[in-house]
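Here the sequence shown stands for residues 10 to 212, where the numbers follow the numbering used here. Where a beta carbon is used, it is the ideal one built from N, C-alpha and C, also for glycine. Have a look at the structure below, then the notes.
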Amino acid sequence: MTISIRIFTLACILFTGNVLRAQTDTVPDLKSMLNKLDSLQKEKVKEYAHHQGVYLKKSVEATCMQLDEKGRKKVAHYIAVLQHPENLKPTTVSWDRDTLPFGQINEGMILLDSFVVTNTGTEPYIIKSAKGNCDCTVVRLPTYPVMPGESAGVRIEFDSSKKAGHTTPAVILYDNSRPNKRNILYLDGYVIPGKDVKFIRGE
Numbered sequence: 010m011t012i013s014i015r016i017f018t019l020a021c022i023l024f025t026g027n028v029l030r031a032q033t034d035t036v037p038d039l040k041s042m043l044n045k046l047d048s049l050q051k052e053k054v055k056e057y058a059h060h061q062g063v064y065l066k067k068s069v070e071a072t073c074m075q076l077d078e079k080g081r082k083k084v085a086h087y088i089a090v091l092q093h094p095e096n097l098k099p100t101t102v103s104w105d106r107d108t109l110p111f112g113q114i115n116e117g118m119i120l121l122d123s124f125v126v127t128n129t130g131t132e133p134y135i136i137k138s139a140k141g142n143c144d145c146t147v148v149r150l151p152t153y154p155v156m157p158g159e160s161a162g163v164r165i166e167f168d169s170s171k172k173a174g175h176t177t178p179a180v181i182l183y184d185n186s187r188p189n190k191r192n193i194l195y196l197d198g199y200v201i202p203g204k205d206v207k208f209i210r211g212e
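Structure below.
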């Protein structure tokens, strides 16, 4: 009797484990999820799927269907963020640097460079907006969420016109990162008075 009970208990445990595993590994039903989105949200999902490495198709559904299981799960996570942004939880991130030293440049030169952020947490990372402390910087943000383990670039354009001397312009990124829901990036260098407009691209 005891042996039978043990066998029955073991069978129940194995069955439960298989059910839970199957639920965890289930590929999201993207078709039904996409039907609940408006046209703007669908375009965002389409671009995000394209960012995952698939070709752009006429419809968002056709674009997403090219994704593998891992890619579809990422899209499903992104759709959840689009539908309920108020539920976006904080995450942790790591930057390749917080200050970009550019040495000396002539006034009028335009510096193009970027910072790289990596999502080291367990939730999608989204930069909601950016604000510079002067009108000399232009920021290009990722248009998609940075998923856990992924990286993305934040493009910076600095116009050194009328910025002669030592300068440290800053850009504040408002996001969902811990602990303050913001990150501050700096440029640091010396602008030598000059007139010719040139472009300097970072490595």
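For Ser160, the enclosing beta strand (DSSP E) stretches over residues Ser160 to Asp168.
Two segments are said to touch when three or more pairs of C-beta atoms, one from each, lie closer than 8 Å; by this definition the stretch 170–181 does not touch the stretch 126–136. Within the same chain, Cβ atoms closer than 8 Å to the Cβ of Lys137 are found at Tyr183, Asp184 and Asn185, the five residues on either side in sequence being excluded.
Annotated as distal: Glu166 and Leu196, with beta-carbon spacing of 8 Å or more. Of the residues assessed, Thr72 falls on the buried side of the cut-off, its CB having 16 or more other CB atoms within 10 angstroms. The C-alpha of Pro188 lies about 16 Å from the C-alpha of Leu194.
DSSP lists Thr127 as the beta-bridge partner residues of Ser103.
Look at the beta carbons and you see the stretch 154–169 not touching the stretch 61–80: under three pairs across the two are nearer than 8 Å.
Rounded to the nearest whole angstrom, the C-alpha separation of Ala139 and Trp104 is 16 Å. A Cβ-Cβ separation of about 6 Å places Leu76 in contact with Ala58 under the 8 Å criterion. In this structure, Glu116 and Val54 do not form a Cβ contact; the two beta carbons are roughly 44 Å apart against a cut-off of 8 Å.
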